[in-house]
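Report on the following structure.
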Amino acid sequence: MDSVRRFLFEALDIRGAVVTLGNAWHEMQAGRNDPPCINALLGEMAAITVLIAGNLKAPGRLTFQLQGHGLVSMLLVDCDEQLRLRGTARYTDAVPPSPTFQELLGDGQLMLTLHTNTGDPYQSIVPLVGDSVTAVFEHYLAQSEQQPAKLLLTASDDFAGGLFLQKLPDADVKDPDGWNRIGHLAATLKPSELRQPVANLLMQVFPEEEVRLFDPRPVRYHCPRDEEKVLSMLKQLGREEIEATLAETGEVAVEDDICRQQYRFGPELIQRLFSAD
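The sequence shown runs 4 to 280 under the numbering used here.
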């Protein structure tokens with residue numbers, strides 16, 4: 004099952020979570036045909052976005068964008084409080100077989116946007132620090148939450164997953180060596196081992212530690228057609244621009260890059276959008 008499962012080392016004041024994505028990741032990739040290096044970046048982005056979105060307490064949507072000046076111009080993944088996931092990547096046509104992270108994203112930035120039902124969206128933009136998605140988000144979490152974090156992320160054609168660990172405020176009081184010990188144990192984990200059941204994984208990696216494991220929360224891919232949203236966007240363009248496009252091409256075509264949906268409208272669009280004007 005595609006899921007996020009949180010856990011807690013109660014005696015150490017260290018929390019964690021494991022995400023496993025199979026079907027949801029497969030559906031996100033469907034029809035994309037991205038190069039393997041792009042596919043890996045997007046899968047790791049999907050895993051960490053779900054891990055962080057799993058902590059949303061109120062209705063909302065969390066969006067992460069990696070924006071670069073290299074071969075990749077944008078990686079975008081978002082997820083809501085119900086753990087409904089979607090994402091996309093934009094990159095140049097000529098991607099070499101084994102580019103470095105720097106070649107892929109160059110001098111880029113990480114943007115977080117949180118949409119809620121209360122007021123304007125919250126947005127945070129930070130420079131990319133690190134040579135991998137894992138390093139970028141470890142740095143981001145340490146800076147934004149003022150607590151050290153450790154990540155292990157992995158993605159292939161059929162699986163994306165991740166392990167998240169975070170040191171909480173009383174960790175050093177409860178066990179001065181606890182965070183270092185847990186970090187060393189986590190470093191022995193191989194990415195392929197994230198595929199196994201979470202309970203087995205934790206027993207294997209942290210055999211001497213007392214772990215409180217919470218119930219899994221299901222994750223799914225969710226990217227439906229939204230014609231009303233597209234119509235609202237087109238109406239904002241104004242009647243004159245819509246009429247000019249129809250006169251030139253005979254239709255108005257809109258492509259949703261994230262959900263890979265196409266919307267096509269003919270002359271009837273004018274009546275639909277502006278009949279009440």
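Just so it is clear, CB atoms sit at the ideal spot from N, CA and C, and this is done for glycine as well. Small disclaimer: the values here were computed from a predicted structure and weren't measured.
Using the three-state DSSP reduction, which class does Met114 fall into: helix, strand or coil?
On the sequence shown, residue 114 is found 111 positions in, with the first residue counted as 1. Note: Met114 maps to strand in three-state DSSP.
What's the call for Tyr125, buried or exposed, on a 16-neighbour Cβ count within 10 Å?
Taking the sequence shown and counting its residues from 1, the one referred to as residue 125 is at position 122. It counts as exposed.
Note down, one range per segment and in chain order, each alpha helix (DSSP H) of at least 4 residues found wholly within the stretch 9 to 60.
26 to 32 and 39 to 56, all fully within the stretch 9 to 60.
Take Pro258 as the anchor and find which of Leu234, Glu271 and Glu251 has the nearest alpha-carbon.
Along the sequence shown, one-based indexing puts residue 258 at 255. Note on residue identity: the sequence assigns Glu, not Pro, to residue 258. Nearest option by C-alpha distance: Leu234.
Once you ignore the five residues that flank Arg87 on each side, which residues in its own chain have a CB closer than 7 Å to its CB?
Working through the sequence shown from its first residue, we reach residue 87 at position 84. The residues are Arg223 and His225.
Let me make sure I understand the geometry here. Which of Pro62, Leu59 and Ile51 has the alpha-carbon closest to that of Gln68?
On the sequence shown, residue 68 is found 65 positions in, with the first residue counted as 1. With distances taken between Cα atoms, Gln68 lies closest to Ile51.
Going by other Cβ atoms of all chains shown within 10 Å of its Cβ, with 16 needed for buried, is Ala43 buried or exposed?
Position 40 of the sequence shown, counted from the first residue, corresponds to residue 43. Ala43 comes out buried.
Pull up the distance between the alpha-carbon of Phe162 and that of Val75, whole angstroms please.
For the purposes of this step, residue 162 is taken as residue 159 along the sequence shown, with counting starting at 1. For the purposes of this step, residue 75 is taken as residue 72 along the sequence shown, with counting starting at 1. Rounded to the nearest angstrom, the two C-alpha atoms are 22 Å apart.
Please list the terminal residues of the continuous beta strand (DSSP E) segment that includes Val75.
Translated into the one-based positions of the sequence shown, residue 75 becomes position 72. From DSSP, the beta strand (DSSP E) with Val75 extends over Val75 to Asp83.
Among all the DSSP beta bridges, which residues are the ones paired with Thr91?
Here the question's residue 91 lines up with position 88 in the sequence shown. Answer is Leu79, bridged to Thr91.
Would the stretch 53 to 70 and the stretch 112 to 123 be scored as touching if the rule is three or more Cβ pairs under 8 Å?
yes
Under a CB-based cut-off of 9 Å, is Glu243 close to chain D?
No chain D appears in this structure, which consists of one protein chain only.
Cβ-Cβ distance between Phe140 and Leu155 below 9 Å
Taking the sequence shown and counting its residues from 1, one reaches residue 140 at position 137. Taking the sequence shown and counting its residues from 1, one reaches residue 155 at position 152. In this structure, Leu155 does not lie closer than 9 Å to Phe140 by Cβ.
At the level of alpha carbons, what is the spacing between Asn288 and Pro179?
This structure cannot speak to residue 288, because the chain is shown only from 4 to 280.
One question on the structure: do Phe167 and Leu54 come within less than 9 Å of each other, judged by their Cβ atoms?
For the purposes of this step, residue 167 is taken as the residue at position 164 of the sequence shown. For the purposes of this step, residue 54 is taken as the residue at position 51 of the sequence shown. Result yes, Cβ atoms of Phe167 and Leu54 sit closer than 9 Å.
So, Leu15 versus Ile185, is the Cβ gap smaller than 9 Å?
On the sequence shown, position 12 is the one that residue 15 refers to. On the sequence shown, position 182 is the one that residue 185 refers to. Against a cut-off of 9 Å, the Cβ pair of Ile185 and Leu15 comes out as a contact.
Is DSSP giving Ser334 helix, strand or coil here?
Examination of residue 334 is not possible in this model, given that the chain is present from 4 through 280 alone.
For Ala27, which residues in the same chain have their Cβ closer than 7 Å to its Cβ, ignoring the five residues on either side in sequence?
Taking the first residue of the sequence shown as 1, we reach residue 27 at position 24. The residues are Asp5, Leu88, Val222, Arg223 and Tyr224.
If you scan the stretch 188 to 255 from start to end, which runs of the alpha helix (DSSP H) of 4 or more residues do you find wholly inside it?
201 to 208, 230 to 240 and 242 to 252
CB Val255 to CB Leu11, shorter than 9 Å?
By one-based count along the sequence shown, residue 255 stands at place 252. By one-based count along the sequence shown, residue 11 stands at place 8. Not in contact: Val255 and Leu11 (Cβ atoms no closer than 9 Å).
Alpha carbons only, please: which of Gly253, Ala92 and Asn58 is nearest the one belonging to Arg263?
Start at 1 with the first residue of the sequence shown, and residue 263 comes out as number 260. With distances taken between Cα atoms, Arg263 lies closest to Ala92.
Looking at the structure shown, is Ser278 part of a helix, part of a strand, or coil, going by DSSP?
Against the sequence shown, residue 278 aligns to sequence position 275. Here Ser278 sits in coil by DSSP.
Which residue comes first and which comes last in the alpha helix (DSSP H) that contains Gln147?
On the sequence shown, position 144 is the one that residue 147 refers to. Here residue 147 is Ser; the residue named in the question, Gln, does not match the sequence. Its alpha helix (DSSP H) spans residues Val136 to Glu148.
Hey, Gly165 and Arg198 are a contact pair by Cβ (cut 8 Å); roughly how many whole angstroms apart?
Within the sequence shown, numbered from 1, the residue matching residue 165 stands at position 162. Within the sequence shown, numbered from 1, the residue matching residue 198 stands at position 195. Actually they do not touch by this definition, with Cβ atoms about 12 Å apart.
Would you mind working out which of Leu272, Ala247, Val201 and Arg242 sits nearest Gly19, comparing C-alpha positions?
As a first step, residue 19 is located in the sequence shown; it is residue number 16 there, counting from the start. Measuring from the Cα of Gly19, the nearest candidate turns out to be Val201.
Identify which residue in Tyr266, Ile261 and Arg275 has its Cα closest to the Cα of Gly34.
Reading the sequence shown from its first residue, position 31 is the one you call residue 34. Nearest option by C-alpha distance: Ile261.
Backbone secondary structure at Phe167 - three-state DSSP
Here residue 167 refers to the residue found at position 164 when the sequence shown is read from its first residue. In this structure, DSSP gives Phe167 an extended state, which the three-state scheme calls strand.
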